[in-house]
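Heads up, my numbering is the position in the sequence shown plus 1, with the first residue counted as 1.
Cβ coordinates follow ideal geometry from the N, Cα and C atoms, glycine included.
Here is the structure we will look at.
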Amino acid sequence: MDKKKVELLLKSFLTLETQEECLVFLEDLCTINEIEDMSHRIEIADLLNKGKTFNEVQDLTGASSTTVSRVSRCLKHGNGYKTALKRVSKMES
2 MDKKKVELLL KSFLTLETQE ECLVFLEDLC TINEIEDMSH RIEIADLLNK GKTFNEVQDL
62 TGASSTTVSR VSRCLKHGNG YKTALKRVSK MES
């Protein structure tokens with residue numbers, strides 16, 4: 002991915018201040034299916050991060066093994082999900 006090509010997108014996200022602003026922006030930017038897919042993936046990441054097993058996550062979410070596997074791999078080898086989930090957890094406590 003060419004980060005320079007997504008710089009405006011990233012900066013745009015960083016300007017948003019409320020959940021409502023984020024939702025309105027996402028609704029303009031993405032299809033409903035794309036938003037639902039992203040929501041599904043963060044739900045999967047949250048469950049895995051909380052210690053649910055691969056099979057439990059599949060049963061709870063109805064996600065395919067491919068999707069759970071991809072999210073699991075990103076959780077293990079990336080920092081995006083971890084950072085976001087950690088910050089959401091702090092906001093909720």
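Outcome for residue 64 when other beta-carbon atoms lying within 10 angstroms are tallied against a minimum of 16: Translated into the one-based positions of the sequence shown, residue 64 becomes position 63. Buried, by the Cβ-count rule.
Residue 86 vs residue 72 beta-carbon contact at 8 Å: Within the sequence shown, the letter at position 85 stands for residue 86. Within the sequence shown, the letter at position 71 stands for residue 72. Result no, Cβ atoms of residue 86 and residue 72 do not sit closer than 8 Å.
Can residue 45 and residue 62 be called in contact, C-beta distance under 8 Å? Along the sequence shown, read from residue 1 onward, the residue named residue 45 stands at position 44. Along the sequence shown, read from residue 1 onward, the residue named residue 62 stands at position 61. In this structure, residue 62 lies closer than 8 Å to residue 45 by Cβ.
Is the CB-CB distance between residue 15 and residue 23 below 8 Å? By one-based count along the sequence shown, residue 15 stands at place 14. By one-based count along the sequence shown, residue 23 stands at place 22. The answer is no: Cβ separation not under 8 Å.
Report the rounded CA-to-CA distance for residue 3 versus residue 10, giving the unit in angstroms. Your numbering for residue 3 matches position 2 in the sequence shown. Your numbering for residue 10 matches position 9 in the sequence shown. Whole-angstrom Cα-Cα distance: 12 Å.
Segment limits, alpha helix (DSSP H) that includes residue 54: Taking the sequence shown and counting its residues from 1, the one referred to as residue 54 is at position 53. Note, residue 54: premise wrong, no alpha helix (DSSP H); not H, not E.
Look up residue 62 in the DSSP assignment and say whether it is helix, strand or coil. Residue mapping note: residue 62 aligns to position 61 of the sequence shown, counting from 1. Residue state, collapsed to three classes: helix.
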